[in-house]
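Participant: Before anything else, here's the structure in question.
Number of protein chains: 2
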Amino acid sequence: MKCVTEKSEDKIREAAKRVFLKKGFDGTTSRDIAKEADMNIALTNYYFRSKEKLFLEIFKDVLEEYFQNMLTILNKDIDIKQKISEIIDNDFAMMKQEPDLVIFIMNEIHKSPQRLFPDMSIFRQVRETHLKKQLEEGAANGTLRPMQLENILPLIKCGVEFIFMGKEIHKELFMMSDEDFEKYAEEQKEHIKAMVCNYLVIG
Amino acid sequence: MKCVTEKSEDKIREAAKRVFLKKGFDGTTSRDIAKEADMNIALTNYYFRSKEKLFLEIFKDVLEEYFQNMLTILNKDIDIKQKISEIIDNDFAMMKQEPDLVIFIMNEIHKSPQRLFPDMSIFRQVRETHLKKQLEEGAANGTLRPMQLENILPLIKCGVEFIFMGKEIHKELFMMSDEDFEKYAEEQKEHIKAMVCNYLVIG
DNA sequence: ATAAATTTTAAACAAACATTTAAAATATAC
DNA sequence: GTATATTTTAAATGTTTGTTTAAAATTTAT
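Chains R and Z, in that order, give the protein sequences. The working numbering puts the first residue of the first sequence at 1, with every later residue one more than the last. The working numbering puts the first residue of the second sequence at 1001, with every later residue one more than the last.
This is the structure:
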């Protein structure tokens, strides 16, 4: 019995991720996780010692998942307009694939930030990215509006993430069905690309 | 004994709002609320019948609080650039005064949308606002890029709300202190105003 | 002043909670 | 094949949960 059956530890980890993302830490019980993993309730603590430890392990993975693809794009040696477009497309794809991810991260960090920041080397990687150099060069030679990474990056990300985080309220507010929203989100994505690029790139 | 002492029902309502906003529905216990209100645990159910009913009542108020000021500005008969600026300033002030409000609304609706939308007449009011007419007129006479209300409104609101919802992660990611963040948020606010107006207003 | 209605209290309720136990089942080592 | 180590199980642990109870305190009405 090698890889035909998945290891119990991994089954629990994956089930826990699904449940935590959907219900949050406070809304998730050990029994929810055991049931989702189709395993005995005691195994959660056998493998991970506590609900808290299991959560922290998963949260770290989720936070890295959130930054990893973006980081790869930020470091590509491509035109800045193209780079912004790719980040937004990537964000958009991520929100469609994992609709719970961003609101989960935001909410958990908001509720207890101190508990959730371990040695996050990924943060340093984001700060020291190739985009930073592009911004400095562009500002120096007058092709880009002078802006810091910390100013432009949220402007790139907020548009897509905001409408997906608030998908249900936007649907209700503007009386959209699920398919209406899908079309709307695509429109919005293109507005964001154009708006941010127009603002950053001079001429 | 008229207004010298606050009515118990209101004390509980206000305490519950503070606790719910901070900890969310799942993270809040009836005892948390009773303690915050400095009242006996049984009074929550005496006045509101259940934690759920108390929550729904408060959520409705909070959602209206979120939209009310914006709605007033949306209906003012002022220049569209000025209007956008005022909405953003208003959003900014709201996020400073009630930092938990937007992430609370987003997260609760995300977790269980069906349960939280009663007869929200405020939604209709937002859809039928004076800004909508301004957008139509501007598109017709070529002064504004043709855009629907549902496209421009999130672009106006997402910038400020996103950085405040993610205040702690932005502080950690960009190594900012609280006062750094305050300065940064002000910068960001001006970027957003300029970016959105540049995009919407032609010429 | 007294009776009735309302508000507040301490105590209790069963259900759900995270976690632990110790035995049973299974896999691994020799 | 037997002994040892690992994994899984059902059951129980003590706490905390939302809610209820019934009596006590207080306010209101007559």
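Cβ coordinates follow ideal geometry from the N, Cα and C atoms, glycine included.
Given Ala-16/R, which residues of its chain have a CB within under 7 Å of its CB, disregarding the five upstream and five downstream residues?
Facilitator: Numbered from its first residue, the first sequence carries residue 16/R at position 16. Cβ within range, chain order: Ile-33, Leu-54 and Ile-58.
Participant: Quick one: does Tyr-47/R have its CB under 7 Å from some CB of chain Z?
Facilitator: Counted from its first residue, the first sequence places residue 47/R at position 47. For Tyr-47/R, the answer is no, since every Cβ of chain Z falls outside 7 Å of its Cβ.
Participant: Against chain Z, with Cβ distances strictly below 7 Å, would Ile-87/R count as a contact?
Facilitator: In the first sequence, residue 87/R corresponds to position 87, counting from 1. It does not: the Cβ of Ile-87/R has no partner Cβ on chain Z nearer than 7 Å.
Participant: Could you tell me the alpha carbon to alpha carbon distance between Gln-1148/Z and Asn-45/R, rounded to whole angstroms?
Facilitator: Stepping through the second sequence from its first residue, residue 1148/Z is reached at position 148. Stepping through the first sequence from its first residue, residue 45/R is reached at position 45. Looking at the two C-alpha atoms, the distance is approximately 52 Å.
Participant: At the level of alpha carbons, what is the spacing between Ile-73/R and Val-1160/Z?
Facilitator: Indexing the first sequence from 1 puts residue 73/R at position 73. Indexing the second sequence from 1 puts residue 1160/Z at position 160. Cα to Cα, Ile-73/R sits roughly 25 Å from Val-1160/Z.
Participant: Under 7 Å, Cβ to Cβ, is there at least one residue of chain R near Tyr-1199/Z?
Facilitator: Residue numbering aside, residue 1199/Z sits at position 199 when the second sequence is read from its first letter. So yes, Tyr-1199/Z belongs to the interface.
Participant: Report yes or no: is there a C-beta of chain Z within less than 7 Å of the C-beta of Arg-113/R?
Facilitator: As a working mapping, residue 113/R is identified with position 113 in the first sequence. A small correction: the amino acid at residue 113/R is Pro; Arg does not occupy that position in the sequence shown. True, the Cβ-Cβ gap to chain Z drops below 7 Å.
Participant: Taking only beta-carbon positions, decide if Leu-173/R is within less than 7 Å of chain Z.
Facilitator: Translated into positions along the first sequence, residue 173/R becomes position 173. Output row for Leu-173/R: interface = yes.
Participant: Short of 7 Å in beta carbon distance, which residues of its chain neighbour Ile-1088/Z, apart from the five on each side in sequence? Order them along the chain.
Facilitator: Here residue 1088/Z corresponds to residue number 88 of the second sequence, with the count starting at 1. If we look at Ile-1088/Z and ignore the five residues flanking it on each side, its Cβ neighbours are Ile-1156, Val-1160, Lys-1189, Ile-1192 and Lys-1193.
Participant: Based on Cα-Cα distance, which residue from Gly-27/R, Ile-84/R, Phe-92/R and Leu-71/R lies nearest to Glu-52/R?
Facilitator: Reading the first sequence from its first residue, position 52 is the one you call residue 52/R. With distances taken between Cα atoms, Glu-52/R lies closest to Gly-27/R.
Participant: Would you say Met-94/R and Phe-164/R are within 7 Å of each other, going by their C-beta atoms?
Facilitator: Residue numbering aside, residue 94/R sits at position 94 when the first sequence is read from its first letter. Residue numbering aside, residue 164/R sits at position 164 when the first sequence is read from its first letter. No, Cβ-Cβ distance for Met-94/R and Phe-164/R is not below 7 Å.
Participant: CB Phe-1162/Z to CB Phe-162/R, shorter than 7 Å?
Facilitator: Translated into the one-based positions of the second sequence, residue 1162/Z becomes position 162. Translated into the one-based positions of the first sequence, residue 162/R becomes position 162. Yes, these two residues count as a Cβ contact at 7 Å.
Participant: Within a Cβ cutoff of 7 Å, which residues of the same chain sit near Lys-1022/Z, ignoring the five residues on either side of it in sequence?
Facilitator: In the second sequence, counting from the first residue as 1, residue 1022/Z sits at position 22. Only Asp-1100 meet the Cβ criterion.
Participant: How would you label Asp-61/R, buried or exposed, when you count the other beta carbons within 10 angstroms and need 16 or more for buried?
Facilitator: Stepping through the first sequence from its first residue, residue 61/R is reached at position 61. Label assigned to Asp-61/R: exposed.
Participant: According to the neighbour-count rule (16 or more other Cβ atoms, all chains shown, within 10 Å of its Cβ), is Met-1175/Z buried or exposed?
Facilitator: Position 175 of the second sequence, counting from 1, holds the residue named residue 1175/Z. It is exposed - the Cβ of Met-1175/Z has fewer than 16 other Cβ atoms within 10 Å.
Participant: What does Phe-162/R touch in chain Z if you count any residue whose Cβ is under 8 Å from its own?
Facilitator: The residue labelled residue 162/R in the question sits at position 162 within the first sequence. Going along chain Z in sequence order, the residues near Phe-162/R (Cβ under 8 Å) are Pro-1154, Lys-1157, Cys-1158, Glu-1161 and Phe-1162.
Participant: For the stretch 1074-1099 of chain Z, which segments carrying the alpha helix (DSSP H) assignment without a break, of at least 4 residues, lie completely within its bounds, in sequence order?
Facilitator: Taking only runs of at least 4 residues, the alpha helix (DSSP H) segments lying wholly in the stretch 1074-1099 of chain Z are 1080-1097.
Participant: Quick one, which residues of the stretch 1117-1131 of chain Z are near chain R if we go by CB-CB under 8 Å, in chain order?
Facilitator: Listed by position, the residues of the stretch 1117-1131 of chain Z near chain R (Cβ gap below 8 Å) are Phe-1117, Met-1120, Phe-1123, Val-1126 and Arg-1127.
Participant: Cα separation between Met-106/R and Gly-1166/Z?
Facilitator: Within the first sequence, residue 106/R is the residue found at index 106, counting from 1. Within the second sequence, residue 1166/Z is the residue found at index 166, counting from 1. Near 6 Å, if we compare the C-alpha coordinates of Gly-1166/Z and Met-106/R.
Participant: Who are the neighbours of Lys-81/R on chain Z, taking C-beta pairs under 9 Å?
Facilitator: Taking the first residue of the first sequence as 1, we reach residue 81/R at position 81. Chain Z residues near Lys-81/R: none, gap ~15 Å exceeds 9 Å.
Participant: Tell me the DSSP bridge mates of Val-1201/Z?
Facilitator: Taking the first residue of the second sequence as position 1, residue 1201/Z is located at position 201. Looking at the DSSP assignment, Val-1201/Z forms a beta bridge with Leu-1144/Z.
Participant: Would you please state the rounded distance, in angstroms, between the beta carbons of Ile-80/R and Gly-138/R? I believe it to be under 8 Å.
Facilitator: On the first sequence, residue 80/R is found 80 positions in, with the first residue counted as 1. On the first sequence, residue 138/R is found 138 positions in, with the first residue counted as 1. Contact holds; Cβ gap of about 7 Å.
Participant: Report, in whole angstroms, the separation of the C-beta atoms of Glu-1172/Z and Ile-1122/Z, which I expect to be a contact under 8 Å.
Facilitator: The residue given as residue 1172/Z occupies position 172 in the second sequence. The residue given as residue 1122/Z occupies position 122 in the second sequence. That pair is no contact at about 35 Å.
Participant: Give the secondary structure of Val-1004/Z by DSSP, where H, G and I count as helix, E and B as strand, and everything else as coil.
Facilitator: Translated into the one-based positions of the second sequence, residue 1004/Z becomes position 4. Because the pLDDT of Val-1004/Z is 43, which lies under 50, any placement of that residue in the model is unreliable, and the question is left without a value.
Participant: Can you give the Cα-Cα distance for Asp-91/R and Met-70/R, rounded to whole angstroms?
Facilitator: Position 91 of the first sequence, counted from the first residue, corresponds to residue 91/R. Position 70 of the first sequence, counted from the first residue, corresponds to residue 70/R. One C-alpha to the other measures close to 8 Å.
Participant: Let me know if Gln-134/R comes out buried or exposed under the rule of 16 or more other beta-carbons within 10 Å of its beta-carbon.
Facilitator: Reading the first sequence from its first residue, position 134 is the one you call residue 134/R. By the neighbour-count rule (16 or more Cβ atoms within 10 Å), Gln-134/R is buried.
Participant: If the cut is a Cβ gap below 9 Å, which residues of chain R does Gln-1188/Z touch?
Facilitator: Taking the first residue of the second sequence as 1, we reach residue 1188/Z at position 188. Correct list: Glu-150, Asn-151, Pro-154 and Leu-155.
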